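Q: I am attaching a structure below and will ask some questions about it afterwards.
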Amino acid sequence: MNRRQFWPAAGGVLLTTGGLAYLATKPPQATRPPVPPAGAVPLLPDEREILRLAALAPSGHNTQPWRVTRHAPFQWTIGNDCTRWLPAVDPAQRETMLSMGAFMQNLESAANYLGYACRWQLLADNNQAASMVDVKLAKAAGLPAVDVTGLLRRRTLRTGYRDQPLAPADVRALTAGEPGYHFFRRASPQGQWLDAQTLAANRQQTYRDAAEQELSRWVRFSNQEAARHRDGLTPASMGIGGVAGWWVRHFYSPATVMKTSFREQSMAQVAEQVGQSGGWLVLTSPDRATPTLLDAGRRVQRLWTQVRGCGIAVHPMTQVLEEAPFAQQVNGALGLAEPIQFLLRCGYVNDYPEPVAERRPVEWFVQNGAVGRNMA
Ligand SMILES: Cc1cc2nc3c(=O)[nH]c(=O)nc-3n(C[C@H](O)[C@H](O)[C@H](O)COP(=O)(O)O)c2cc1C
Numbered sequence: 609m610n611r612r613q614f615w616p617a618a619g620g621v622l623l624t625t626g627g628l629a630y631l632a633t634k635p636p637q638a639t640r641p642p643v644p645p646a647g648a649v650p651l652l653p654d655e656r657e658i659l660r661l662a663a664l665a666p667s668g669h670n671t672q673p674w675r676v677t678r679h680a681p682f683q684w685t686i687g688n689d690c691t692r693w694l695p696a697v698d699p700a701q702r703e704t705m706l707s708m709g710a711f712m713q714n715l716e717s718a719a720n721y722l723g724y725a726c727r728w729q730l731l732a733d734n735n736q737a738a739s740m741v742d743v744k745l746a747k748a749a750g751l752p753a754v755d756v757t758g759l760l761r762r763r764t765l766r767t768g769y770r771d772q773p774l775a776p777a778d779v780r781a782l783t784a785g786e787p788g789y790h791f792f793r794r795a796s797p798q799g800q801w802l803d804a805q806t807l808a809a810n811r812q813q814t815y816r817d818a819a820e821q822e823l824s825r826w827v828r829f830s831n832q833e834a835a836r837h838r839d840g841l842t843p844a845s846m847g848i849g850g851v852a853g854w855w856v857r858h859f860y861s862p863a864t865v866m867k868t869s870f871r872e873q874s875m876a877q878v879a880e881q882v883g884q885s886g887g888w889l890v891l892t893s894p895d896r897a898t899p900t901l902l903d904a905g906r907r908v909q910r911l912w913t914q915v916r917g918c919g920i921a922v923h924p925m926t927q928v929l930e931e932a933p934f935a936q937q938v939n940g941a942l943g944l945a946e947p948i949q950f951l952l953r954c955g956y957v958n959d960y961p962e963p964v965a966e967r968r969p970v971e972w973f974v975q976n977g978a979v980g981r982n983m984a
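Using this note's numbering, the letters of the sequence shown map in sequence onto residues 609 to 984.
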């Protein structure tokens with residue numbers, strides 16, 4: 609059974625996803641500013657734009673765990689919204705920190721692009737802290753030139769990888785000046801270990817009910833659910849287009865996710881995914897401290913916003929880091945001493961669709977700060 613037959617089979621009917629375009633494709637820059645809800649924080653246009661671009665950051669299950677408290681114009685606390693954690697697969701909020709780091713990187717790139725410098729102050733000394741960082745933005749000259757096209761067009765792509773190893777020159781260009789990246793070709797012992805163990809860890813997680821229930825809470829099968837939440841995983845963001853996408857949007861529900869047929873079809877899809885790639889990019893960090901994890905999230909986002917320029921797509925597959933005993937074995941198997949933070953399946957693709965994952969409007973994650981709060 610391959611991916612083309614996957615989704616509808618879980619509902620009892622076989623259809624093909626075929627090569628049809630996504631039914632819900634959106635151009636990346638397409639935003640008519642949403643009408644602010646009553647009582648929304650009155651953001652200045654540049655503030656709204658910087659936060660909109662920041663929120664294009666990736667996050668596990670697309671939970672978008674950030675919350676921004678606005679104390680004054682361009683003075684914000686970036687917070688960690690515990691209602692958006694994934695305790696079943698990320699009990700220590702390690703991945704939440706990586707997502708927050710990616711958000712911070714986007715925020716800084718967007719601010720620089722619009723002519724603002726960022727002054728950061730770290731607040732958190734653990735992954736569960738409600739307030740992560742303070743940031744103050746001020747107009748400045750001489751900022752690094754930033755091209756936000758890569759940020760706007762970045763996406764997770766899960767299918768359509770060519771079986772061609774990344775060229776050493778591309779790996780060098782993408783990781784230049786960024787410590788902690790390691791590339792393994794598929795044919796290498798490490799690449800083969802990652803392919804096989806990613807499949808095994810996925811199987812284990814798929815049949816771990818707590819993890820599957822958590823996934824079911826973040827899947828937005830119908831258009832109505834997607835529009836209501838503007839987060840989570842939609843059929844389009846999972847690469848299910850065409851007739852299959854229509855079927856899934858109309859006939860699937862969170863309960864479908866718990867069915868054996870669904871779990872088995874998920875496994876078939878993962879097998880197809882690990883069977884095609886240009887290798888694995890692995891990111892390590894010097895330690896596991898909260899600021900180090902935020903920095904790892906920033907580093908991954910810097911790479912991820914560039915890969916498209918080389919025709920390369922990226923797909924984080926994190927189950928090996930989430931499941932025992934794989935998480936305890938991975939360093940030894942790859943011959944890496946430092947903690948591993950990201951496992952990125954990557955490869956060249958012929959067809960690189962535009963981003964389709966949902967994002968909450970800015971007003972949904974910004975709140976007013978307490979009057980008189982001083983920021984350093
Ligand atoms: C820390 C982290 C872990 C992730 N793990 C996975 C994963 O295991 N499998 C997967 O398919 N996508 C994974 N993703 C990708 C997210 O699902 C994706 O970023 C999100 O759905 C938003 O889509 P976008 O990246 O296209 O904007 C991960 C992303 C982050 C930041």
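The C-beta atom is built at its ideal place from N, Cα and C for all residues, glycine as well.
On a predicted model such as this, the values are computed, not experimentally measured, just so you know.
Note down, in chain order, each residue of its chain lying with its Cβ closer than 6 Å to the Cβ of residue 763, except the 5 sequence neighbours on either side.
A: Within the same chain, residue 763 has close Cβ partners 963.
Q: What residue range is occupied by the uninterrupted beta strand (DSSP E) comprising residue 727?
A: Residues 724-730.
Q: Going by the C-beta, is residue 737 closer than 8 Å to any heavy atom of ligand 1?
A: Not under cutoff, so the answer is no.
Q: Check whether the Cβ atoms of residue 817 and residue 794 lie closer than 9 Å to each other.
A: No, the Cβ-Cβ distance between residue 817 and residue 794 is not below 9 Å.
Q: To the nearest angstrom, how far is it from the Cα of residue 808 to the Cα of residue 951?
A: Straight-line Cα distance between these residues: approximately 15 Å.
Q: If you measure between the beta carbons of residue 957 and residue 905, is that distance less than 9 Å?
A: The answer is no: Cβ separation not under 9 Å.
Q: Could you say which of 789, 841, 895 and 972 lies nearest to residue 910 if we only look at CA atoms?
A: The residue with the shortest Cα to Cα distance from residue 910 is 789.
Q: When you measure from the CB of residue 754 to every non-hydrogen atom of ligand 1, does any distance come out below 8 Å?
A: Checking the Cβ of residue 754 against ligand 1 gives no.
Q: Using only the alpha-carbon positions, how far apart do residue 692 and residue 706 sit?
A: Rounded to whole angstroms, residue 692 to residue 706 spans 14 Å at the Cα level.
Q: By Cβ distance, which residues of its chain are closer than 8 Å to residue 620, with the 5 residues on each side in sequence left out?
A: Any reading at residue 620 is ruled out, since the residue's pLDDT is 31, under 50, leaving its predicted position unreliable.
Q: Is residue 950 close to ligand 1? I mean its beta-carbon at under 8 Å from any heavy atom of the ligand.
A: Under cutoff, so the answer is yes.
Q: Confirm the yes/no value for this check: CB of residue 947, any heavy atom of ligand 1, distance under 8 Å.
A: No, the beta carbon of residue 947 sits no closer than 8 Å to any heavy atom of ligand 1.
Q: Within its chain, find whatever has a CB closer than 8 Å to the CB of residue 866; leave out the 5 residues flanking it on each side and keep chain order.
A: Closer than 8 Å at Cβ, skipping near neighbours: 817, 820, 821 and 824.
Q: So, at 7 Å on beta carbons, what are the nonlocal neighbours of residue 761 in its own chain, with the 5 sequence-adjacent residues on each side left out?
A: Cβ neighbours of residue 761 beyond the five flanking positions: 636, 916, 962 and 963.
Q: So does residue 892 have its beta carbon nearer than 8 Å to some heavy atom of ligand 1?
A: Because no heavy atom of ligand 1 lies under 8 Å away, the Cβ of residue 892 does not count as near it: no.
Q: So does residue 667 have its beta carbon nearer than 8 Å to some heavy atom of ligand 1?
A: The answer is yes for residue 667.
Q: For ligand 1, I want to know if residue 675 counts as a neighbour, meaning its beta carbon is within less than 8 Å of at least one of the ligand's heavy atoms.
A: No, ligand 1 has no heavy atom inside 8 Å of this Cβ.
Q: Distance check for residue 871 and residue 862, CA to CA, integer angstroms please.
A: Those two C-alpha atoms are separated by around 13 Å.
Q: What residue from 936, 939 and 878 has the CA that sits closest to residue 925's CA?
A: Per the Cα distances, 878.
Q: Which of the three DSSP states is assigned to residue 831 in this structure?
A: Three-state DSSP puts residue 831 in a helix.
Q: Using a Cβ-based criterion (distance less than 8 Å to any ligand heavy atom), does residue 762 qualify as near ligand 1?
A: Yes; taking the cut-off as 8 Å, the Cβ of residue 762 has a heavy atom of ligand 1 nearer than that.
Q: Which term fits residue 688, buried or exposed, when burial requires 16 or more other beta carbons within 10 angstroms of its beta carbon?
A: Burial call: buried.
Q: Considering only their Cβ atoms, is the gap separating residue 785 from residue 751 smaller than 9 Å?
A: Result no, Cβ atoms of residue 751 and residue 785 do not sit closer than 9 Å.
Q: If you count every other CB in all the chains shown that lies within 10 Å of the CB of residue 969, and 16 or more means buried, which is it?
A: So residue 969 ends up on the buried side.
Q: Kindly say whether residue 671, judged by its beta-carbon, lies nearer than 9 Å to any beta-carbon of chain B.
A: Chain labels in this structure do not include chain B; a single protein chain is all it has.
Q: Compare the C-alpha of residue 799 against each of 884, 777 and 830 and name the closest.
A: Considering only alpha carbons, the answer is 884.
Q: Under the criterion of a Cβ to heavy atom distance below 8 Å, does residue 964 qualify as lining ligand 1?
A: Yes, the beta carbon of residue 964 sits closer than 8 Å to at least one heavy atom of ligand 1.
Q: Excluding the 5 residues preceding and the 5 following residue 749 in the sequence, name in chain order all residues of the same chain whose CB lies nearer than 7 Å to its CB.
A: Same-chain partners within the cutoff: there are none.
Q: Between residue 783 and residue 939, what straight-line distance do the alpha-carbon atoms span, to the nearest angstrom?
A: Roughly 20 Å between the two C-alpha positions.
Q: Taking 8 Å as the limit between beta carbons, can you name the residues of its chain near residue 955, skipping five residues before and five after?
A: For residue 955, where only same-chain residues beyond five positions count, the Cβ hits under 8 Å are 769, 770, 771, 772, 774, 884, 885, 886, 887, 920 and 921.
Q: Taking all protein chains shown into account, do 16 or more other C-beta atoms lie within 10 angstroms of the C-beta of residue 698, making it buried, or fewer, making it exposed?
A: By the neighbour-count rule (16 or more Cβ atoms within 10 Å), residue 698 is buried.
Q: Between the C-alpha atoms of residue 949 and residue 894, what's the straight-line distance to the nearest angstrom?
A: About 10 Å.
Q: Please go through the segment 947-979 and give each complete beta strand (DSSP E) segment of 3 or more residues, from N-terminal end onward.
A: Qualifying beta strand (DSSP E) stretches, in chain order: 948-956 and 974-976.
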